[in-house]
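Here's the structure we're looking at; comments come further down.
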Amino acid sequence: MSTQNKLQGAREIALELLLKAEKSKQFSNIALDKALQKSELSSADRRLVSALFYGVIERRITLDHRLASLSSRPLSDVDTHTLTVLRLGLYQLIFMDKIPKHAAINESVSLCPRRTSGFVNAILRAHLRTGETPLPSKNSNPIEYLSVRFSVGTPLCKKFLEVYGFDTAQKILAAFCQTPPITLRVNTLKISREELANRIDGASLTEISPHGLRVKGSVRELYGFEEGLFTVQDEASQICVEALDTRAGMKVMDICACPGSKSFGAAMSMNNEGEVFSFDLHESKLSLILSGAERLGIDIIRIAKQDGRAPLEEHFRTADRVICDVPCSGFGVLAKKPELRYKNPDESASLPDIQLDILNNACQYVKDGGILLYSTCTVFPEENFKNVERFLKIHREFELTPFTVGNLNAEKGYITLLPNEYPTDGFFIAKLTKRIKNAT
Numbered sequence: 001m002s003t004q005n006k007l008q009g010a011r012e013i014a015l016e017l018l019l020k021a022e023k024s025k026q027f028s029n030i031a032l033d034k035a036l037q038k039s040e041l042s043s044a045d046r047r048l049v050s051a052l053f054y055g056v057i058e059r060r061i062t063l064d065h066r067l068a069s070l071s072s073r074p075l076s077d078v079d080t081h082t083l084t085v086l087r088l089g090l091y092q093l094i095f096m097d098k099i100p101k102h103a104a105i106n107e108s109v110s111l112c113p114r115r116t117s118g119f120v121n122a123i124l125r126a127h128l129r130t131g132e133t134p135l136p137s138k139n140s141n142p143i144e145y146l147s148v149r150f151s152v153g154t155p156l157c158k159k160f161l162e163v164y165g166f167d168t169a170q171k172i173l174a175a176f177c178q179t180p181p182i183t184l185r186v187n188t189l190k191i192s193r194e195e196l197a198n199r200i201d202g203a204s205l206t207e208i209s210p211h212g213l214r215v216k217g218s219v220r221e222l223y224g225f226e227e228g229l230f231t232v233q234d235e236a237s238q239i240c241v242e243a244l245d246t247r248a249g250m251k252v253m254d255i256c257a258c259p260g261s262k263s264f265g266a267a268m269s270m271n272n273e274g275e276v277f278s279f280d281l282h283e284s285k286l287s288l289i290l291s292g293a294e295r296l297g298i299d300i301i302r303i304a305k306q307d308g309r310a311p312l313e314e315h316f317r318t319a320d321r322v323i324c325d326v327p328c329s330g331f332g333v334l335a336k337k338p339e340l341r342y343k344n345p346d347e348s349a350s351l352p353d354i355q356l357d358i359l360n361n362a363c364q365y366v367k368d369g370g371i372l373l374y375s376t377c378t379v380f381p382e383e384n385f386k387n388v389e390r391f392l393k394i395h396r397e398f399e400l401t402p403f404t405v406g407n408l409n410a411e412k413g414y415i416t417l418l419p420n421e422y423p424t425d426g427f428f429i430a431k432l433t434k435r436i437k438n439a440t
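Numbering (my numbering), first residue to last: 1 to 440.
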């Protein structure tokens, strides 16, 4: 197969996936994985499909802003298939320097029926001839400016402005436009971080987590995957587990555990000695924890389907450590889940109360002197510190506890990790210790 035909195949798959995502209004990396498994594309072409699929979703508003300036008719009058082809072509012209301009245009045109091919050809060639389309004014219309520049919905941009102000909001949104690193948690039950780093080409040590590596390429093709020498875990999540200070022989409960990375990290820190109870509301996801634990050689994890708000009296006051990584809006991981860029934060208004209910239940499992860790992958206060404040007003037996992980010092007992300040996802961590009764 020629290089040109391979590229065409990659574009056809990307187009099909984008059309499905547009129709369902849902993003699915599962659909992408299935499509790639069925294809006969090379590794390079699979990467191209992924880049096009994620890239067009991630930059949709920016692309449409440019297309609107080039089109003689409103984009709302352009059919979905043609508009998606235009986005695909324009994304390659703007963001993919290694693809020749003529190839991006010609192959995009070939994805269209004859009745629209001329329109697509004219728009994409007009892009090459004309200067850049001005952005909205950052002074008179900062919300629209942020939305178009970083391709984030206006309601979410408004929220970032309200919480962080223009300068910081701009830095956070810019960080979300960077390609996130692939971060591994080394399985220290089997190998040291230094040894694994030497075995994986291009691996580098994480800046904060003592057990992390940054890598490139397909995870399944990396040295040590089949042998269970690592698991994929963002550095923020690794920091969360390190803050727990787990030790061999402890009882740990992970309330909303799937896909299991925190349970795995705790078990590794415990040297696979003790008990880790991993619960999740969705039974179908629990198999991911079992298969992951088996690959890693961990046998102290016990799984069960369980609503995090429903009490398990047999576990009351028995756990040394409780992990409460609650369901959240996900507004700290826009770089990894581009569909969240277009979510209205008002849709998450009910989450803080649900999170607090889970936290109120989870605290019952903590023994005196034990630790309750609350975390989210969002960066807005309603789901983060404001929830911790609400919790502490109810449960005065708990107190915030300072923690240090590597060169990170959370002296107040909590921290919001912003992606423009730390090499992590956007994340919140609070460490709460249950006072020992009658302690002076």
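Every residue, glycine too, gets a C-beta built ideally from N, C-alpha and C.
Classify residue i as buried or exposed, calling it buried when 16 or more other Cβ atoms lie within 10 Å of its own Cβ.
i, result
"G265", "buried"
"R73", "exposed"
"S345", "It should be pointed out that residue 345 corresponds to Pro in this sequence rather than to Ser. Buried, since its Cβ has 16 or more Cβ neighbours within 10 Å."
"H211", "buried"
"N387", "buried"
"A203", "buried"
"F160", "buried"
"L196", "buried"
"F428", "buried"
"F391", "buried"
"F277", "buried"
"T130", "exposed"
"Q170", "buried"
"K431", "buried"
"R115", "exposed"
"F53", "buried"
"K262", "buried"
"E194", "exposed"
"Q37", "exposed"
"A10", "buried"
"A21", "buried"
"G260", "buried"
"S44", "Looking at the sequence itself, residue 44 is Ala, so the reference to Ser does not match. A44 should be labelled exposed."
Since residue i and residue j are thought to touch, with beta carbons under 8 Å apart, how far apart are those beta carbons, to the nearest angstrom?
i, j, result
"G512", "L286", "What is shown of the chain runs 1 to 440, which leaves residue 512 out entirely."
"I301", "A293", "5 Å"
"F150", "C177", "6 Å"
"I208", "N407", "6 Å"
"P338", "E40", "Incorrect: roughly 27 Å between the Cβ atoms, too far for contact."
"I394", "N361", "Not really, about 12 Å apart at Cβ, beyond 8 Å."
"I298", "N272", "6 Å"
"I200", "L222", "6 Å"
"E235", "T416", "Going by Cβ atoms, the distance from E235 to T416 rounds to 15 Å, so no, they are not a contact pair."
"L189", "M268", "6 Å"
Which same chain residues end up closer than 7 Å to residue i when comparing Cβ atoms and leaving out the 5 residues on each side of it in sequence?
i, result
"I436", "D368 and G369"
"K251", "G274, E275, T318, A319 and D320"
"A68", "L75"
"L290", "I303"
"K101", "L93 and L128"
"L32", "L17, S50 and F53"
"V219", "I182, F225 and V232"
Short of 6 Å in beta carbon distance, which residues of its chain neighbour residue i, apart from the five on each side in sequence? Order them along the chain.
i, result
"P419", "A175 and G426"
"S117", "V109"
"Q4", "In this prediction, Q4 has a pLDDT of 48, which is less than 50 and means its spatial position is unreliable; what the coordinates show is noted afterwards. For Q4, where only same-chain residues beyond five positions count, there are no Cβ hits under 6 Å."
"Y342", "G153"
"A104", "G89, Q92 and L93"
"C157", "I143, L146 and S147"
"I182", "V215"
"L340", "G330 and L334"
From which residue to which residue does the beta strand (DSSP E) around residue i run?
i, result
"L432", "F427 to K434"
"N409", "L408 to A410"
"D320", "A319 to D325"
"I208", "Per DSSP, I208 belongs to no beta strand (DSSP E) and is neither H nor E."
"F279", "E275 to D280"
"I255", "Unbroken run through I255: none, as it is neither H nor E."
"T62", "Here T62 belongs to no beta strand (DSSP E); instead the alpha helix (DSSP H) covers R60 to L70."
"D353", "It is not in any beta strand (DSSP E) - D353 instead sits in the alpha helix (DSSP H) that spans L351 to A362."
Please list the terminal residues of the continuous alpha helix (DSSP H) segment that includes residue i.
i, result
"E389", "F385 to I394"
"V215", "First-last for V215: G212 to V215, but that is the beta strand (DSSP E), not the alpha helix (DSSP H)."
"I94", "T80 to F95"
"G265", "S261 to S269"
"T168", "T154 to A175"
"Y145", "P142 to F150"
Quick one: is residue i near chain D, going by C-beta distance under 8 Å?
i, result
"F230", "In the structure shown, chain D does not exist; there is a single protein chain."
Starting from the C-beta of residue i, find all residues in its chain whose C-beta is less than 8 Å away, skip the five residues before and the five after it, and write them out in chain order.
i, result
"F279", "M253, D254, I255, C256, A257, I303, A304, K305, Q306 and G308"
"K434", "C363, V366, K367, D368, G369, G370, I371, L372, E397 and F398"
"V56", "A14, L18, L63, T84, R87, L88 and Y91"
"E12", "L111"
"I354", "R309, V326 and P327"
Any 3 or more C-beta pairs closer than 8 Å across the region 370-390 and the region 317-335: yes
Pairing CB atoms from the region 239-251 with CB atoms from the region 214-231, are three or more of them under 8 Å? no
Could you tell me whether the region 393-411 touches the region 233-249, using the rule of 3 or more Cβ pairs below 8 Å? yes
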